[in-house]
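Working notes, structure below.
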Amino acid sequence: KQEVTQIPAALSVPEGENLVLNCSFTDSAIYNLQWFRQDPGKGLTSLLLIQSSQREQTSGRLNASLDKSSGRSTLYIAASQPGDSATYLCALGGESGGGADGLTFGKGTHLIIQP
Amino acid sequence: NAGVTQTPKFQVLKTGQSMTLQCAQDMNHNSMYWYRQDPGMGLRLIYYSASEGTTDKGEVPNGYNVSRLNKREFSLRLESAAPSQTSVYFCASSEALRGRRTSRGHFGDGTRLSIL
Chain L
1218 KQEVTQIPAA
1228 LSVPEGENLV
1238 LNCSFTDSAI
1248 YNLQWFRQDP
1258 GKGLTSLLLI
1268 QSSQREQTSG
1278 RLNASLDKSS
1288 GRSTLYIAAS
1298 QPGDSATYLC
1308 ALGGESGGGA
1318 DGLTFGKGTH
1328 LIIQP
Chain A
10 NAGVTQTPKF
20 QVLKTGQSMT
30 LQCAQDMNHN
40 SMYWYRQDPG
50 MGLRLIYYSA
60 SEGTTDKGEV
70 PNGYNVSRLN
80 KREFSLRLES
90 AAPSQTSVYF
100 CASSEALRGR
110 RTSRGHFGDG
120 TRLSIL
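Protein sequence lines, in the order shown, are assigned to chains L and A.
Position 88 of the first sequence, counting from 1, maps to 1305 under the numbering used here, and the rest follow consecutively.
Position 111 of the second sequence, counting from 1, maps to 120 under the numbering used here, and the rest follow consecutively.
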């Protein structure tokens, strides 16, 4: 069974800092990996999707990397802003399901950016 | 764009009552999902439908049933609600055809369900 761990569980940093969120997984047979953002009382918003054949994806100030062999992904946030405050979730699609049979989620990193 | 729409947003039930959570997506996605989110447990998959006409169990299916009514709609039913089913329920969809590249997951805003 796939296990997904996110470190740290919580993080508070001053505005403007660059930061890295970590995600590790136990089964490297993944089809894809996504990073989501969740605001309090809201649903999830997909930030980046990395297919298993890819090494990284970038969107604006966000960069996500994937190393299947080591079972790791990182989400890099550049020049953090108070609006980045949210919970960030890592989720994996299993290879056996071809991406169609749902995601396995980590428990998230609760991020606070101090003004 | 509406995306994924869930109804209701909030619901309080008594133990033993039944109810159906509704979900609809307007993105013509093949795959739809129901998750529950609990403190300390993260999101867990209840049921999924990889295509219209098919449904499969996820990690925590006990106590639930689903119906993929058509390509747009995927409902979750609690036949006899129990306090352990108090949770936030999320519906999601994606363009995920087996063996082909997948799209990002799109989530609804959730249904907050309390069972007394």
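Backbone N, C-alpha and C fix where the C-beta goes; we use that ideal spot for every residue, glycine too.
What's the C-alpha gap between residue i and residue j?
{"i": "S58 (chain A)", "j": "S40 (chain A)", "result": "6 Å"}
{"i": "F1253 (chain L)", "j": "N74 (chain A)", "result": "27 Å"}
{"i": "S1313 (chain L)", "j": "T1291 (chain L)", "result": "23 Å"}
{"i": "P1231 (chain L)", "j": "Q15 (chain A)", "result": "36 Å"}
{"i": "L1309 (chain L)", "j": "A11 (chain A)", "result": "25 Å"}
{"i": "G114 (chain A)", "j": "Y42 (chain A)", "result": "10 Å"}
{"i": "G1288 (chain L)", "j": "H1327 (chain L)", "result": "21 Å"}
{"i": "S76 (chain A)", "j": "P92 (chain A)", "result": "23 Å"}
{"i": "Q1255 (chain L)", "j": "D65 (chain A)", "result": "26 Å"}
{"i": "G1319 (chain L)", "j": "A101 (chain A)", "result": "9 Å"}
{"i": "L54 (chain A)", "j": "P17 (chain A)", "result": "20 Å"}
{"i": "E1220 (chain L)", "j": "S1241 (chain L)", "result": "8 Å"}
{"i": "L1236 (chain L)", "j": "Y1293 (chain L)", "result": "6 Å"}
{"i": "P48 (chain A)", "j": "E68 (chain A)", "result": "17 Å"}
{"i": "K1259 (chain L)", "j": "K23 (chain A)", "result": "25 Å"}
Using a Cβ cut-off of 9 Å, pull out every chain A residue sitting near residue i, in sequence order please.
{"i": "Q1274 (chain L)", "result": "Here the premise fails: no neighbours, minimum Cβ distance about 11 Å."}
When burial is assigned at 16 or more other CB atoms within 10 Å of the CB, is residue i buried or exposed?
{"i": "K1218 (chain L)", "result": "exposed"}
{"i": "A1246 (chain L)", "result": "exposed"}
{"i": "Q1223 (chain L)", "result": "buried"}
{"i": "K1285 (chain L)", "result": "buried"}
{"i": "F19 (chain A)", "result": "exposed"}
{"i": "N1249 (chain L)", "result": "buried"}
{"i": "R45 (chain A)", "result": "buried"}
{"i": "V21 (chain A)", "result": "exposed"}
{"i": "T1321 (chain L)", "result": "buried"}
Along chain L, which residues have their Cβ under 8 Å away from the Cβ of residue i?
{"i": "R113 (chain A)", "result": "Q1251, S1263 and L1266"}
{"i": "F99 (chain A)", "result": "G1260 and L1261"}
For a contact meaning CB atoms closer than 7 Å, what does residue i contact in chain L?
{"i": "G119 (chain A)", "result": "G1260"}
{"i": "G67 (chain A)", "result": "G1319"}
{"i": "A59 (chain A)", "result": "A1317 and D1318"}
Quick one: which chain L residues come within Cβ less than 9 Å of residue i?
{"i": "D47 (chain A)", "result": "Here the premise fails: no neighbours, minimum Cβ distance about 10 Å."}
{"i": "L125 (chain A)", "result": "Within 9 Å Cβ-Cβ: nothing; L125 (chain A) doesn't reach chain L, min ~21 Å."}
Of all the residues that make up the stretch 1249-1264 of chain L, which are near chain A by a beta-carbon distance shorter than 7 Å? N1249, Q1251, K1259, G1260, L1261 and S1263
Interface residues of the stretch 21-43 of chain A facing chain L [CB-CB below 8 Å]: N39, S40 and Y42
Using a Cβ-Cβ cut-off of less than 9 Å, give me the residues of the stretch 1304-1325 of chain L that come near chain A, in sequence order. From the stretch 1304-1325 of chain L, only L1306, A1308, G1310, G1314, G1315, G1316, A1317, D1318, G1319, L1320, T1321, F1322, G1323, K1324 and G1325 have a Cβ closer than 9 Å to chain A.
Under 8 Å, with one C-beta from each stretch per pair, do the stretch 68-87 of chain A and the stretch 21-36 of chain A reach the 3-pair mark? Yes, the stretch 68-87 of chain A touches the stretch 21-36 of chain A.
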